[in-house]
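Under UniProt numbering, the letters of the sequence shown match residues 1 to 174, in that order.
Think of the CB as a built atom: it goes at the ideal place given N, C-alpha and C, for glycine as much as any other residue.
Values in this document were obtained by computation on a predicted structure and should not be read as measured data.
Beneath this line is the structure, given in structure tokens, with notes to follow.
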Amino acid sequence: MKIAIIGAQGVGKTTLARQINSHYPDLKILPEAARLAIEAGYKLDHTATTETELWLIAKQIELESGEDEWVADRCGIDLLAYIHLLFPKESSLIEFATKTLVPRFSEYDLVLYLPSGQFAIEDDGVRTTDFKFQQDVDQRIRDILEKHKIPFVRMVGSPEERLARVKNLLTSIK
């Protein structure tokens, strides 16, 4: 089972991933490539470079390929959304990212989309707390879901309500 939790920064992806992992310990939490990028000296969001994005693509593929069962609080869908937002004029980067990432989306068994606007953005020291940026990322994610006809489940409500919904989904899948 490969569960991709998608959404802009600050929407509760990490919280939900941890909750899922605590109830389903066989689903390993994948490290977030963005946090690994910072550790490797790369800048994110408004200060990201094309080099950053290429590193992130390679790292995301490596992370997703390393385990058979996982839950991830970021995936190629998010990454493609950020690239579209941050580099709209870099057609070669967008084309490369699309050709590289989109074929991998079918490998996700369950895509959980967490929309923006449900919670205040907490400053985690990694991502921007800019609400407008969050909304812009969210729009790009929705555009990608629609354009590539990616099946997903929209997750709203409190963290406890979201987890209960995931449990119901996993029960019905198995």
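Q: Starting from the C-beta of residue 205, find all residues in its chain whose C-beta is less than 6 Å away, skip the five residues before and the five after it, and write them out in chain order.
A: The chain is shown from 1 up to 174; residue 205 falls before or after that span and cannot be answered.
(Q) Give me the residue from 35, 46, 131 with the minimum Cα distance to residue 87. (A) 46
Q: May I have the straight-line CA-CA distance separating residue 147 from residue 123, to the nearest angstrom?
A: 31 Å
Q) residue 85 and residue 137: beta carbons closer than 8 Å? A) yes
Q. Since residue 52 and residue 90 are thought to touch, with beta carbons under 8 Å apart, how far apart are those beta carbons, to the nearest angstrom?
A. Contact doesn't hold; Cβ gap of about 12 Å is too wide.
Q) Helix, strand or coil: how does DSSP classify residue 86 here? A) helix
Q) When the Cα atoms are used, what is the spatial distance from residue 42 to residue 109? A) 30 Å
Q: Take the Cβ of residue 73 as the centre, count every other Cβ of all protein chains shown within 10 Å, and call the residue buried at 16 or more, exposed below.
A: buried
**Q.** Rounded separation between residue 170 and residue 163 - CA only
**A.** 10 Å
Q. So what's residue 165 in DSSP terms, helix, strand or just coil?
A. helix
Q) What is the DSSP secondary structure of residue 74, reduced to helix, strand or coil? A) coil
(Q) Given this structure, state the Cα-to-Cα distance separating residue 23 from residue 61, to the nearest angstrom. (A) 26 Å
Q.
For residue 139, tell me which candidate among 104, 82, 121 has the shortest Cα-Cα distance.
A. 82
Q | Distance between residue 166 and residue 20 (C-alpha atoms, nearest Å) | A | 8 Å
Q.
My assumption, with CB atoms under 8 Å, is that residue 134 sits in contact with residue 9. Please give the rounded CB distance.
A. 6 Å
Q. Quick one: is residue 68 buried, meaning 16 or more other Cβ sit within 10 Å of its Cβ, or exposed?
A. exposed
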